[in-house]
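Chains A and B, in that order, give the protein sequences. Counting the first sequence from 1 gives a position; the working numbering is that position plus 3. Counting the second sequence from 1 gives a position; the working numbering is that position plus 571. Even for Gly, the Cβ is constructed at its ideal location relative to N, Cα and C. Just so it is clear, the structure is predicted and the values come from calculations on it, not from any experiment. A short write-up of the structure that comes next.
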Amino acid sequence: MALSPARIGIGGPVGSGKTALIERLIPVFESRNLELAIVTNDLVTREDARRIQRSGLIDPNRVLAVETGACPHTAIREDPTLNIQTADQLVLAYPGIAAVIIESGGDNLASTFSLDLVDYWLFVIDAADGDDIPRKKGPGVVRSDLLIINKTDLAPYVGADLDRMVREGTAVRDGKPVLLTNCATGEGIEAVMDQLVHDVLFA
Amino acid sequence: MPETLTRILGYASDEDKAEQLHHLQHCSAVDQIVLPREDTQRHRLRVHSQTNREYLIALPRDQHLSDGAVLVLESDRAVVVKMAEEQWLRLLPGSLADAVELGYFAGNLHWRVKFHGAELHVALEGPESSYLNRLQPFLDAKRVQCLHG
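Below, the structure is given as structure tokens:
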């Protein structure tokens, strides 16, 4: 029996690499024969949706945009109705999909997803934004199901200690997983996919 | 391979389920999955039961986990969800002004709260210490009292 599609949230600060992570995940979903649809959130544009639609990686009809018009976390936490409706629309149009990924607009470290909207969510931070981010215990860092430290290639240029970020991230998250990625090259993406398969896709 | 549970068959309080569950309980054949309230909102999750069996829960979106949800009911076994008891932090503001400010503060932090007379109760969705750290200025100034018990 086919499982009802999973809903996976991706949140994180502006420029941390949320859209880049999705662009890297799309081919990995495909290589594992898992169909996908995507909802992007932007403040007052459809920039991220257009970027993914034009990427050539996925049927553009499988990507829909939500314009939040206000703080991005309001549409993924306080009142996620718009995102729920948009995800429902995609599931109705593509019943065979394994998952809908819902990308939040870029926000701050306090942003979290409502579990009414998603079954599982990732929080993406940028290694070059400072290696003290994990130990500052932002709710996004602490409460997400999977913490991604992206742009690992930039760490040496800003003196960020990746081992320390992983160690402190794991400590504040009570042992929940922390993974390193470099979405510019694809490094670490298979491990992210393995984690998704284990924790929520069950494929 | 963990067993995948794909639908809620009913609730332990349903008349037709209660009798069978009662019988299975006598045979120690009811496996409980204890979930914190937050996790009952999910439609997909990997869990371990009280007998340490692993299950994959994958429900349709129109079904919602809650206390007593029956996920397996067979002649010789059952799997039932039990919601873990919620922990609350009980706070007593010292004055009306303190109460207004505490309410504003709790809302600003998106804490889930309920009211009980003059007390504000905050649901603990993480370590108590992280809530007390945020409240430290209120507690130090004795504008809010943290009640125990």
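- Contact between N153 of chain A and S34 of chain A does not hold, since their C-beta atoms are separated by about 21 Å, which reaches or exceeds 8 Å.
- Going by beta carbons, I11 of chain A and I25 of chain A fall outside the 8 Å limit.
- L718 of chain B: member of the beta strand (DSSP E) spanning 715-718, first to last residue.
- Contacts between A629 of chain B and chain A, judged by CB atoms closer than 7 Å, involve L6, S7, F205 in chain order.
- For I192 of chain A, the closest alpha carbon among the candidates A:K140, A:P30, A:F126 is that of A:P30.
- Nearest to D110 of chain A by C-alpha distance, out of A:V127, A:N36, A:L60, A:G162, is A:V127.
- Counting every other CB atom within 10 Å of its CB across the protein chains shown gives T188 of chain A a total below 16, marking it as exposed.
- I87 of chain A places its beta carbon 8 Å or farther from that of L118 of chain A.
- DSSP lists A:G12 as the bridge partner or partners of W124 of chain A.
- Under the three-state reduction of DSSP, L606 of chain B is assigned to strand.
- In the three-state reduction of the DSSP assignment, K179 of chain A falls in the coil class, being assigned neither a helical nor a strand state.
- In the structure shown, E33 of chain A falls within a helical segment according to DSSP collapsed to helix, strand and coil.
- For E586 of chain B, no Cβ of chain A is located within less than 8 Å of the residue's own Cβ.
- Of the candidates A:D122, A:P142, A:V161, the residue whose Cα lies closest to the Cα of F205 of chain A is A:D122.
- Secondary structure of N623 of chain B (DSSP, three-state): coil.
- Counting along the chain, M654 of chain B sits inside the beta strand (DSSP E) bounded by residues 649-654.
- Looking at the DSSP output, R661 of chain B bridges to B:H692, B:L718.
- Pairing G108 of chain A with T84 of chain A gives a Cβ-Cβ distance that is not under 8 Å.
- Proximity to I105 of chain A across A:E81, A:W124, A:A73 peaks at A:W124, based on C-alpha coordinates.
- The beta carbon of R714 of chain B sits closer than 6 Å to the beta carbons of G665, D669 from its chain, once the five residues preceding and following it are set aside; these are given in chain order.
- Assigned with DSSP and collapsed to three states, V17 of chain A falls in coil, not helix or strand.
- Secondary structure note for A158 of chain A: its alpha helix (DSSP H) is the uninterrupted segment 158-161.
- Taking a 10 Å sphere around the C-beta of E657 of chain B, we find fewer than 16 other C-beta atoms and assign the residue as exposed.
- Against chain A, a Cβ distance below 7 Å from R615 of chain B picks out A9, D122, Y123, V203.
- At the C-beta level, R617 of chain B and L627 of chain B come within 8 Å of one another.
- Distance from A23 of chain A to C186 of chain A at the Cβ level is roughly 4 Å; contact confirmed, criterion being Cβ atoms closer than 8 Å.
- According to DSSP, V643 of chain B shares a beta bridge with B:V650.
- Counting only runs that start and end inside the region 50-87 of chain A, the beta strand (DSSP E) elements of at least 3 residues fall at 66-70.
- Taking A9 of chain A as reference, the option from B:R615, B:P573, B:L595 with the minimal CA-CA separation is B:R615.
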